Structures are given as structure tokens and as C-alpha cells.
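Written out below as C-alpha cells is the structure these notes cover.
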Amino acid sequence: MMDNIIEVRGVKTSFEERIIHDTLTLSIPKGSIYGLLGPSGCGKTTLLREMVMLQEFSGGEIEILGHKLGKIEYKEAMELRQQWGVLFQSGALFSSLSLKDNIALPLVEYSDLSAAMINEIVKFKIGIVGLKQEDANLYPSQISGGMRKKAALARALAMDPKLLFLDEPTSGLDPISAREFDALILKLRSLLNLTIVMVSHDLQSVYDTLDKVAVIDNKKIIYEGDLKNILSVENKFIKTFFKGMGRI
Amino acid sequence: MHYSSLDIRHIDNRLSLKFRGELTLYNLAKYQKDIDKLDFDKEHGVVLDLSQLTFLDTAGSIFLYNLKKKLQSNSSLHVDLLCDNSEVIDMLELVMAQKIKFKDILQPRKVGFLENIGRIAYQNYLLFLSFMVFIGELFAHKMYYLVSPKNIRFKEIAFEINESAIKAFGIVALTSFLIGLVVAYQSAHQLKMYGANIFIVEVLGISVLRELSPLITAIVIAGRSGSAFTAQIGAMKITQELDAMQTMGFDPYRFLVMPKIVALMITLPILIFVSDVMAIMGGMVVANLELNITTNLFLDRFSDVVALKHFFVGIAKGPFFAFLIAAIGIYRGMQVRDDTQSIGFNTTKSVVESIFAVIICDAVFSIAFTNLGI
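Chain order of the listed sequences is A and B.
Under numbering that gives the first Met the number 0, the first sequence has 159 at position 160, and the numbering climbs by one with no breaks.
Under numbering that gives the first Met the number 0, the second sequence has 79 at position 80, and the numbering climbs by one with no breaks.
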């Protein structure tokens, strides 16, 4: 069981009468970059939010790093939260703190490190995501969208998590920054030995980075596996989305 | 400049509608009027001639599609479309494809009067339940505070004390001073008529200490800090900052909610004290100017006739009012949904509801204290 870092078993979700997920099952292997794909409104982000305990599911079970989320204790949940990093679509940096303080926040709260040591770590994280050291004192409102994503990634990486969740990491970025971001994610995976789960709409990024994908459509998983065999599935979304893949 | 027109004439026993130039949303209405005047029942056949059409936009295309459909529904009529411009044909096909795909948008079902009342009542019931859940969470976290003082976020509490109380000293002091002035001035006029000048001390002392100061302070703080809580937490919710906190394991109740509530519960009694002092000072100024009661006389009589219990009753209300204001402000902030309009809606609600709650609470205290003989 240890080679799968996340197991989703028969998860059901419904908002009042509207059913979003009908028994989803998937498994995310350790060390992989795993993509959740599907047409808009199919519930990719909802599933991601369920994985990071922001939303409750109505049936089934999700197991992350050996913790079952269905009936998780408060303390256990708090411990689990320190083992992952989450990058939100808009970055969600704390607007009242500078970039440096945003990245330092988890370290200040959860570790007994000295201020000087934390400063070193923050500098390293800023460097590793490709930000300049002189940007560290800027506030989230003063920087561009691409920088905000990088800073949010640095914050997600602050505690050296084993697991990273990315919600549309390249959306809102220009193509050049998006490709840089893809390269950054690949670099980080090999450097830090991460498992990455992402929701994406960016075909190039899907093709460049993902090892394994799950496609959700019509409340179900219609495909799970690598990208090579994906066109064998008869589905409108897959046919349209991956039509251009041969050319890339 | 393109010359656009619609020529209507009969050719070979059939009606010909010849569109020239452009057919766009700018000249549609005029053509529609001309076409409405025609009586198609008398015709044997219709030709829609688009051969001279140079440009067709989507509005024009929808217009043509609807016109053709209307004519075709008349079975005795033979309709032909003449067109050789490929751009025009593409545009027509685009609209056709869309029209076939989309059925009419469903009209929302009309809701009856009784159903509406039921729905609103049920929504309010759900709102009440969710507020109870919020209060429950609060008490659970309060316990967490009590288990170990290590869990108390002193830094955040200090920040909130400064933000929502110390910075409010000025406005609370000024408002209270003016209220004391006004109450004293109005009473002075009445008291002078009976020659009961000296009773200004009782009038002011009891009304200010017991009721006016706690209420005025609570209302100013509800408008100032309660609304700020709602707006801040609401905005954090929209920008996903709350979600980010949660995934990082920073419980918003511990980091945001408890510090605000504790800070306000500590400082509201202090603010009420400030308000007491300022309102009595305002009263003293009027007593001095209008009723010729010197400050010394006022203060002497004050300590004789105004019992200490009135002061403590006023101060004791502070933490309760503070809890209501902070809890409602924060709860409303958490009710904000993903649109900016709901920040405004919830901020308004938070101020109105917290002032209402404060007044209800004050009424309950008033009855309770009177019956207890305090």
C-alpha cells in the first residue's frame, strides 16, 4: 500500500440534490505528478478541496499518507496539514504580510528555529522558485500574477512537504511564464522528491509535466492512466482536449 | 460607405425579398417593420435573396433564421434562399448549429405566496442552526484556551485590542461627551421649571452609568469594529486566504476568531468606563453653565446619591455586549459567499443584527436587575 500516497475510494459528493461525484475511485502513486482533468464544472477542484479537507464528501473514503479523512480527529488533521502544501489558483497569499513573512509564517508557527535560520530558509525557498531576493519585502498587492504564484509555491514548500496540491498552477500566466512554471515543477519534483497533484486546463502543461492522469466527466472517472493510451477512450472531452496532442 | 436596402417586389408570381449591402443589428429593426407589413398568406412562394448581401452579422443571421422558420411554418408557402457568398453561408450555418443545440431557456418556476413564506422561514431556520454551530465551535475553542495558556494567541489579542479598542477611544469619548451634554441640557430645562436644579446629578448619574454609556459604547463599537470584522473576514474568504490558513493547519478560530472576541471582551468594559467619565463631564459642563452647580458641588452630591452598584451594572454589561458584537460580526464575515456584493450585504446585516442583539440583551439585563433589586 505504501506506493500509493493518496487513495480515493468510491467518493460521492452532492450539493443538496445536485450530484457532483458518483463513486470516484483513483490512486496516486508516490513520486508522481498526477493530473485531474475534465471539462469545466465536472468537479475537479471540488475533489481537490475534498482531499485537502476544505470540503466534506458525502460517501466513500479518501486516504492520504495513511490517514483516513472521513472520521479524522482534530489533532490528526492538524498533523496531516503540516505534511502537505497547497497552491491556490489565485495564490491566496496573506495580503497583510510581505512575501518574506508569508513564506516564514508556517516555519515561525510550527518550528522552534531561530529567526536567523528561518531567514536562511526563506531565502532558499525564494531562490528555488525563481524569485529575486530583493522581492522578499514586497507585499502581494505589489507584484505580478506570475510572481504571486511563485511566492505562493514558495510558501507551500516552506515546510518541505511530501505532497503538493496545485489548483490550475498555470492559469492566468502568459505562455512563457507558464512554461517556466512547468519546468520549475519538474525541477522541484526531482530536487525535493515530491508527489504533486494538480488540476489543470493547460494542454501543454499537461503534456509536459504529468505522469498519470484521471479524467472526470459526467460525475465519473472515465479514464485513469498515462497519457499514451488516452486517445483510445471514446469520449467527447478527451477527443476534443487531446486532439492536438500528436502535433506537440 | 455601403448602400444597404431591402427591395420587396414580385417576380414570377413569387415575393422576392432582396437584401443589399449589409444586414446587421443596426438596420434590422427597419427591415423587420417593412416585413411585418407584408401579408404572406396571399403569396404562393417567397424568395430570400441574399446574393447582393456583402456582410451579415450574428444578429442579422438570427433574424434570417427566424424569418425563414416563420415562413416555413406556413405550409402552403414555398421558401427559397438564394445565396452564393461563402462568408454569409458560414454565418448562417453557425447560427443554425447553435439554434439546434440549445433548447429554449427554461423559465424559472413561479413561487407562490405561501411557498415563499415557507422558504424564507426555512432559510432563517437554517441560518439560526448555522449560528448555533458557530457558537458551539467557539465554546469548543474556548475550552482549548482554558486547557493550556500556551494556546492563547497573546500577540494577536494585543493587535486586536489596539485595532478595535484603543483606536476607538477618541470616537467613544467624543460621542459620550456630547450625549452627556445633550441629556443634561434637556433635563436642565425641565428641572429649572420646578427649581429642582440639584437633581441633575441623580438624573445624569443613574441614566449614564446604568444605561446610556454601555449602550452608546456598544453601538459605536458595533458600527466601527463589528463591521470591520465582517469586512475583513469576508474579504479573506473571497481571496481564499481562509482556505489557505486551513490547509496550512492554522485554525481560523484560533488565529482570527478567538483573538477578536477576547480582545473586545477585555476592552469594552474599559471603553464603557471612559464613556462614563466623558458623559458625566459633559453633564457637569452644562450643570455649571445652565444650573449654576459648581463642579465641587456636583461631585460631592454625586458620591452621596449615586450608588456604586449603578457603575458596576453598566460595566458588567460590557463583556456580554462585546461577545454579541464580535460573534455576530465574525459569523457574518464567514457567511460571505464568493461574490463581492455579499460583503456589503453581510456587513450591513452584521451592524444591524449586532445593535439589535445588544438592545435585546440590555432589555433582558434591565428586567433581571430590577427584579433582583440591583
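Virtual Cβ for every residue (Gly too), placed ideally from N, Cα, C.
As the structure is a computational prediction, the values presented were derived from the model and not from experiment.
Please confirm if Gly248 of chain B has its CB atom under 8 Å from at least one CB of chain A.
-> yes
With 8 Å as the threshold, decide whether the Cβ of Thr294 of chain B is near any Cβ in chain A.
-> no
Cα-Cα, which of B:Thr238, B:Ser224 and B:Gly204 is closest to Asp303 of chain B?
-> B:Gly204
Looking only at its own chain, which residues have a Cβ that is under 8 Å from the Cβ of Ala83 of chain B, when we skip the five neighbours before and after it?
-> It should be noted that the sequence gives Asp, not Ala, for residue 83 of chain B. Hits under 8 Å: Ser50.
Could you run through the stretch 37 to 59 of chain A and flag, in chain order, every residue whose CB is less than 7 Å away from some CB of chain B?
-> Val51 and Leu53
Which residues of chain A have a Cβ atom closer than 7 Å to the Cβ of Asp242 of chain B, listed in chain order?
-> Leu53, Phe87 and Ala91
Compare the Cα-Cα distances from Ser97 of chain A to each of A:Ile71, A:Ala76, A:Ala135 and A:Val121 and report the closest residue.
-> A:Ala135
8 Å contact criterion, which Val46 of chain B and Asp79 of chain B should meet: CB distance rounded = 5 Å
Residue-chain proximity (Thr229 of chain B, chain A), Cβ-Cβ < 8 Å = no
Compute the Euclidean distance between the alpha carbons of Ala155 of chain A and Pro107 of chain B, then round it to the nearest angstrom.
-> 44 Å
Would you kindly report the start and end of the unbroken alpha helix (DSSP H) that includes Ala367 of chain B?
-> Gln340 to Leu371
Under 8 Å Cβ to Cβ from Leu230 of chain A, same chain only, skipping five residues before and after it: list those, please.
-> Ile237, Lys238, Phe241 and Met244
Can you give the Cα-Cα distance for Leu187 of chain A and Pro213 of chain B, rounded to whole angstroms?
-> 58 Å
Cβ-based neighbour list, Gly59 of chain A, same chain, cut-off 6 Å, excluding 5 preceding and 5 following | Arg8, Gly9, Val10 and Lys11
Which word fits Lys236 of chain B, buried or exposed, when buried means at least 16 other C-beta atoms lie within 10 angstroms of its C-beta?
-> buried
Where do the ends of the alpha helix (DSSP H) carrying Val7 of chain A lie?
-> Premise fails: Val7 of chain A lies in the beta strand (DSSP E), Asn3 to Phe14, not in any alpha helix (DSSP H).
Report yes if the C-beta distance between Asp33 of chain B and Lys17 of chain B is below 8 Å; otherwise report no.
-> no
Take Pro318 of chain B and list the residues in its own chain whose beta-carbon comes closer than 6 Å to its own, dropping the five residues that flank it on each side.
-> Met264
Taking DSSP as the reference, what is the three-state secondary structure of Met0 of chain B?
-> The predicted position of Met0 of chain B is uncertain, since its pLDDT is 44 and thus under 50; a value taken from the coordinates is nonetheless stated next. Reduced to three states, the DSSP call for Met0 of chain B is coil.
Cβ of Ile32 of chain A within 8 Å of Cβ of Thr169 of chain A?
-> no
Mind checking whether Glu352 of chain B and Ile329 of chain B have CB atoms under 8 Å apart?
-> no
Taking Cβ to Cβ, would you say Glu55 of chain A is nearer than 8 Å to His66 of chain A?
-> no
Compute the Euclidean distance between the alpha carbons of Thr45 of chain A and Gly135 of chain B, then round it to the nearest angstrom.
-> 27 Å
Where does the unbroken alpha helix (DSSP H) through Arg20 of chain A begin, and where does it stop?
-> In the sequence on display, residue 20 of chain A carries His and not Arg. Premise fails: His20 of chain A lies in the beta strand (DSSP E), Arg17 to Pro28, not in any alpha helix (DSSP H).
8 Å Cβ cutoff met for Ser94 of chain A and Ser143 of chain A | no
Give me the Cα-Cα distance between Asp48 of chain B and Ile88 of chain B, rounded to the nearest whole angstrom.
-> 12 Å
Who are the neighbours of Thr238 of chain B on chain A, taking C-beta pairs under 8 Å?
-> Ser89, Ala91 and Ser94
Quick one: is Gln245 of chain B near chain A, going by C-beta distance under 8 Å?
-> yes
DSSP-derived helix/strand/coil call for Tyr193 of chain B | helix
Got a sec? Which residues, its chain only, sit under 8 Å from Val200 of chain B by beta carbon, not counting five neighbours each side?
-> Ala286, Ile292, Phe297, Arg300, Phe301, Val304 and Val305
Just the chain D side, please: which residues come within less than 9 Å of Gln81 of chain A by C-beta, in chain order?
-> Given the protein chain composition of this structure (A and B), no chain D is represented.
Which ranges would you report for the alpha helix (DSSP H) in the stretch 109 to 183 of chain B if only whole runs of at least 4 residues count?
-> 112 to 146 and 153 to 163
Is the stretch 247 to 267 of chain B touching the stretch 191 to 198 of chain B, taking contact as three or more C-beta pairs under 8 Å?
-> no
Nonlocal neighbours in the same chain, by C-beta distance under 7 Å from Ile232 of chain B, ignoring five residues either side | Leu255, Ile329, Gly332 and Met333
Name, please, each residue of chain B whose Cβ falls closer than 7 Å to the Cβ of Met77 of chain A.
-> Gly248
Return the CA-CA distance between Phe249 of chain B and Asp159 of chain A, expressed in angstroms with no decimal places.
-> 17 Å
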